[in-house]
Ligand code: HMG
Ligand code: MG
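Numbering (our numbering), first residue to last: 872 to 1171.
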């Protein structure tokens, strides 16, 4: 890809929906994902193979994955916390998974009921087993700047965990500002630390910015300046984490696309279709559209 290309990983169907209290019907999820598949997106995170006791909204993971139309050239990753999740993912033909950990002990415990060290042992087993099935793995590090339980986290903890994830075979690590407390200087501090810890360049990293404090786009700008070219986003700014109270959605895909176009960067994603889909899913969920860009366009 040229330096002007930015890849967007649409996480709306997973991060966006996991926090919805009312169960979203499987057909709506499938329709939502199928619409996203027709926009030029190259990666759509579609569901999680986590415990339904922990995240009831994702309990229909196998049905969603089986029913969506899979188009050539598009990845449909799913979150997998353990071998049980991997087994279910393998059974329905998943080709890409994401393992997820955190730069905070308290968040690791709250989100996956284990310490950071235990999570690392778990990732190794899951990634190894995934490889045997020809499945590729993306890694997530949550709480790269701050944690809802512990406050500020150390860049070194993020860098350490990210380098382990790359070492054990994750092809990319997505750096999550889970509660959206980061600001550009803090994001840059994390990115700078990554350079120190691993020899890998920024092509192995993505940024996953929640917009709780309205900082997502400036943080993405900071990432762009430092060479990051992959960003996670959710249409209509859907999202949040069930184990991070008060955290709002991801940066809205509409806002991200508008921003990147303004910066002269290519994504291959159809802006108008994304605005339409954001409007559609907001109506289906009966919730406000959190993309300012979409509201401006739709008001015309
Ligand atoms: P646990 O309770 O320690 O696990 O949870 P367990 O092994 O004792 O299992 C408990 C029950 O769940 C058992 O059922 C298991 O069979 C079942 P029971 O015997 O009681 O009937 N179970 C499963 N069922 C289906 N699929 C599975 C599975 N595993 C166990 N894979 C566990 C540990 C990791 C399972 C749990 O903590 C969990 O599922 N956590 C996931 C939480 C989650 O999905 N959080 C949101 C995603 S992360 C996020 O949003 C952040 C991100 O966006 C980045 C960012 O913003 O920073 C990625
Ligand atoms: Mg998230």
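Backbone N, C-alpha and C fix where the C-beta goes; we use that ideal spot for every residue, glycine too.
Exercise. Does the beta carbon of residue 918 fall short of 7 Å from some heavy atom of ligand 2?
Worked result: Position 47 of the chain shown, counting from 1, holds the residue named residue 918. No, the Cβ of residue 918 stays beyond 7 Å of every heavy atom of ligand 2.
For this session: Report the option in 1066, 1081, 1045, 1028 whose CA atom is closest to the CA atom of residue 1053.
Result: Within the chain shown, the letter at position 182 stands for residue 1053. Closest by alpha carbon: 1081.
Exercise. Under 8 Å between C-beta atoms, does residue 980 make it to chain C?
Worked result: Although the question refers to chain C, the structure presented lacks it and comprises just one protein chain.
Problem set entry | residue 1045 - containing beta strand (DSSP E), residue span | If you number the chain shown from 1, residue 1045 lands on position 174. Segment 1043 to 1048, the beta strand (DSSP E) holding residue 1045.
Exercise. When burial is assigned at 16 or more other CB atoms within 10 Å of the CB, is residue 1079 buried or exposed?
Worked result: Walking along the chain shown from the start, residue 1079 turns up at place 208. With 16 or more other Cβ atoms within 10 Å, it is buried.
For this session: Indicate, with yes or no, if ligand 1 has a heavy atom lying under 7 Å from the CB of residue 886.
Result: Numbered from 1 along the chain shown, position 15 holds the residue referred to as residue 886. Yes, since a heavy atom of ligand 1 falls inside the 7 Å radius drawn around the Cβ of residue 886.
Problem set entry | For residue 919 and residue 881, the rounded distance between their alpha carbons | Counting from 1 along the chain shown, the entry for residue 881 is found at position 10. Counting from 1 along the chain shown, the entry for residue 919 is found at position 48. C-alpha separation (whole angstroms): 14 Å.
For this session: For the beta strand (DSSP E) holding residue 879, just list the boundary residues, first then last.
Result: As a working mapping, residue 879 is identified with position 8 in the chain shown. Note, residue 879: beta strand (DSSP E), 878 to 881.
Exercise. Are residue 987 and residue 999 touching if we call contact CB-CB under 8 Å?
Worked result: Position 116 of the chain shown, counted from the start, is the residue given in the question as residue 987. Position 128 of the chain shown, counted from the start, is the residue given in the question as residue 999. Note that the C-beta distance between residue 987 and residue 999 is not below 8 Å.
Exercise. Should residue 1050 and residue 1012 be called a contact, given that it needs their Cβ atoms to be closer than 8 Å?
Worked result: On the chain shown, position 179 is the one that residue 1050 refers to. On the chain shown, position 141 is the one that residue 1012 refers to. In this structure, residue 1012 does not lie closer than 8 Å to residue 1050 by Cβ.
For this session: State the beta-bridge partners of residue 1077 as determined by DSSP.
Result: Reading the chain shown from its first residue, position 206 is the one you call residue 1077. Note: residue 1077 sits in a beta bridge opposite 1045.
Exercise. Expressed to the nearest angstrom, what Euclidean distance is found between the alpha-carbon atoms of residue 1068 and residue 934?
Worked result: Taking the first residue of the chain shown as position 1, residue 1068 is located at position 197. Taking the first residue of the chain shown as position 1, residue 934 is located at position 63. For residue 1068 and residue 934, the distance between alpha carbons rounds to 40 Å.
For this session: Check whether the segment 878 to 896 touches the segment 905 to 922, taking contact to mean three or more Cβ pairs, one atom from each stretch, closer than 8 Å.
Result: Contact between the segment 878 to 896 and the segment 905 to 922 is present, because at least three Cβ pairs lie under 8 Å.
For this session: Determine, using beta carbons only, whether residue 876 and residue 1158 come nearer to each other than 8 Å.
Result: Position 5 of the chain shown holds residue 876. Position 287 of the chain shown holds residue 1158. Contact: no.
Problem set entry | Per DSSP, cross-strand counterpart(s) of residue 950 | The residue given as residue 950 occupies position 79 in the chain shown. DSSP output for residue 950 lists 919, 969 as bridge partner(s).
Exercise. Is residue 948 near residue 967, with beta carbons less than 8 Å apart?
Worked result: As a position in the chain shown, residue 948 is number 77, starting the count at 1. As a position in the chain shown, residue 967 is number 96, starting the count at 1. Here residue 948 is near residue 967, since their CB atoms are less than 8 Å apart.
Problem set entry | Beta-carbon contacts of residue 1161 that lie in its chain and below 7 Å, excluding the five residues immediately before and after | Position 290 of the chain shown, counted from the first residue, corresponds to residue 1161. Closer than 7 Å at Cβ, skipping near neighbours: 1107, 1108, 1120, 1123.
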